[in-house]
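Chemist: One structure follows; several queries about it will come next.
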Ligand SMILES: Nc1nc2c(c(=O)[nH]1)N[C@H]1C(S)=C(S)[C@@H](COP(=O)(O)O)O[C@H]1N2
Ligand SMILES: [Mo]
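In the numbering used here, the protein residues as written are 9 to 222.
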C-alpha cells in the first residue's frame, strides 16, 4: 500500500527492491488515462457482448445478462508501455475461465489465441493461456466503483502482474481493451491495433518487449 510519508521516488525504490518494478518503468500514484481516439458513448439498452470464432456456438449477452454473471475481484500491478506503472490496482468483473466453467460457451480444440474487440475498431491479441489465467479479467469496476467512461465503461479487458506469482506471463497494459464488446477465439495469432502499429506482439513487461524491434 502507498505510504503517504514516502516520496514517490522513495516508494519507487522500495518497489524496485521488492521486484515489482519491471525494467524501464516508473511509479505512477494515480491511474493515468491513455487511449487512442475518442471516448465512446454507452447505451445499456443496445450494448452487447459477443463471443465467437473457435468455439462451439457463438453467444451474445446483453448488459443486463452480463451483470448477472459470477464475479471475481483481482488486485494487481499494471504496467504501460509508455513507462508508467500503477501498483495494487483493484478490479472487479468476470473471469473468462468462469464463463467456460458456467458452460456459457465451449472452446474448440483449435482455439489458441484471443482477439479482444472494442468500440471503434480497437483490437488487441493475447494467447489463450493468458486470457484464461488469473491475471486477466473482463472488468466492470475499478477500486470499488463502476468504470468511468475514460477508463473503459462499461467493460474492459485488464491484464497485469500479480505480486509473488512470477509464473504468470505478464504483458503491458495495452493488451487490456477498454470499451470491450467481444472476444474472438482464433486458431492462429492475429495482431491487434498497437501490435500492427509496431509494438511487440507479446509485450512481456519483464523482458521489456516494447516494440517489435526490441
Ligand atoms: N479501446 C482501447 N483500449 C485501450 C487503449 C486504447 O487506445 N483503446 N489503450 C491501452 C493502453 S496503451 C493502456 S496503458 C490502457 C490504459 O488504461 P487507462 O486509461 O484506464 O489507464 O488501456 C489500454 N486499452
Ligand atoms: Mo499503455
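Glycine is no exception: its CB is placed at the ideal position from the N, C-alpha and C atoms.
Just to check my reading of the structure: residue 92 and residue 40 have Cβ atoms closer than 8 Å, yes? What is that Cβ distance to the nearest angstrom?
Modeler: 6 Å
Chemist: Which value, in whole angstroms, describes the spacing of the CA atoms of residue 54 and residue 32?
Modeler: 42 Å
Chemist: Output the distance between the C-alpha atoms of residue 37 and residue 82, rounded to the nearest integer angstrom.
Modeler: Their backbone Cα atoms lie some 19 Å apart in a straight line.
Chemist: Any idea what DSSP makes of residue 193, helix, strand or coil?
Modeler: strand
Chemist: Give a single yes or no on whether residue 90 has its beta carbon closer than 7 Å to a heavy atom of ligand 2.
Modeler: yes
Chemist: Which stretch, first to last residue, makes up the beta strand (DSSP E) that contains residue 100?
Modeler: Residues 92-102.
Chemist: Is residue 121 close to chain D, meaning its C-beta is less than 8 Å from at least one C-beta of that chain?
Modeler: Absent here is chain D; the protein component of the structure consists of one chain.
Chemist: Rounded to whole angstroms, how far is the Cβ of residue 179 from the Cβ of residue 212, which I believe are closer than 8 Å?
Modeler: 6 Å
Chemist: Excluding sequence positions up to five away, which residues of its chain have a Cβ less than 7 Å from the Cβ of residue 64?
Modeler: 113, 114 and 116
Chemist: Can you name the start and end residues of the beta strand (DSSP E) that residue 58 belongs to?
Modeler: 56-61
Chemist: Throw me the rounded Cβ distance for the residue 189 and residue 127 pair, which I believe falls under 8 Å.
Modeler: 6 Å
Chemist: Could you name the residues that DSSP lists as bridge partners for residue 167?
Modeler: 144
Chemist: Looking at residue 201 and ligand 2, is the gap between the Cβ and the nearest heavy atom below 7 Å?
Modeler: no
Chemist: Would DSSP call residue 68 helix, strand or coil?
Modeler: strand
Chemist: Which residue marks the beginning of the beta strand (DSSP E) containing residue 134, and which one marks its end?
Modeler: Taken as a continuous stretch (DSSP letters only), the beta strand (DSSP E) holding residue 134 covers 131-135.
Chemist: What residue from 106, 87, 95 and 89 has the CA that sits closest to residue 77's CA?
Modeler: 106
Chemist: Assuming residue 85 contacts residue 95 (C-beta within less than 8 Å), just tell me the rounded distance between them.
Modeler: 4 Å
Chemist: Which of the three DSSP states, helix, strand or coil, is assigned to residue 22?
Modeler: helix
Chemist: How would you write the range of the beta strand (DSSP E) that residue 204 sits in, first residue to last?
Modeler: Counting along the chain, no beta strand (DSSP E) covers residue 204; the unbroken alpha helix (DSSP H) around it starts and ends at 201-204.
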